[in-house]
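The block underneath contains the structure these notes are about, expressed in structure tokens.
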Amino acid sequence: MLSYLELVELANGDIVLQRSEGDENPLVTIKFSKETREHITGSVLDVARAMVQAGIEAAAVSAGEENYVDDDDFDDQEPEVKTVH
Numbered sequence: 001m002l003s004y005l006e007l008v009e010l011a012n013g014d015i016v017l018q019r020s021e022g023d024e025n026p027l028v029t030i031k032f033s034k035e036t037r038e039h040i041t042g043s044v045l046d047v048a049r050a051m052v053q054a055g056i057e058a059a060a061v062s063a064g065e066e067n068y069v070d071d072d073d074f075d076d077q078e079p080e081v082k083t084v085h
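Sequence positions in the sequence shown follow full-length UniProt numbering and run 1 to 85.
What follows is the structure, given as structure tokens:
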């Protein structure tokens with residue numbers, strides 16, 4: 001079964017990446033502060049789209065592009081904290 005993803009701006013201003021089938025648990029949530037929103041010219045959805053695309057590309061590069069890891073593989077692992085500057 002093919003699953004499509006969509007970016008949606010919620011009523012509270014958060015932007016979520018979710019499955020188009022309406023899963024209640026978003027895959028990604030992006031929150032822009034009020035100050036940041038004031039500095040964004042155009043749509044925050046365009047910025048969020050660019051952020052998600054960059055994340056997908058970075059994940060593909062770090063995975064070697066052919067090494068796909070299923071989300072189920074991480075169910076029993078402790079999350080690793082990483083900070084990118």
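All residues carry an ideal CB built from backbone N, CA and C; glycine is no exception.
For residue 24, the closest of 6, 44 and 49 by C-alpha to C-alpha distance is 6. Counting only residues of its own chain and dropping the five nearest sequence neighbours on each side, residue 47 has a CB closer than 8 Å to the CB of 32 and 40. When the five nearest sequence neighbours on each side are left out, the beta carbons in the same chain lying within less than 8 Å of the beta carbon of residue 45 are those of 7, 9 and 15, in order along the chain. As the crow flies, the alpha-carbon of residue 50 is around 22 Å from that of residue 22.
Membership of residue 56 in any beta strand (DSSP E) is not indicated; the residue belongs instead to the alpha helix (DSSP H) covering 44-62.
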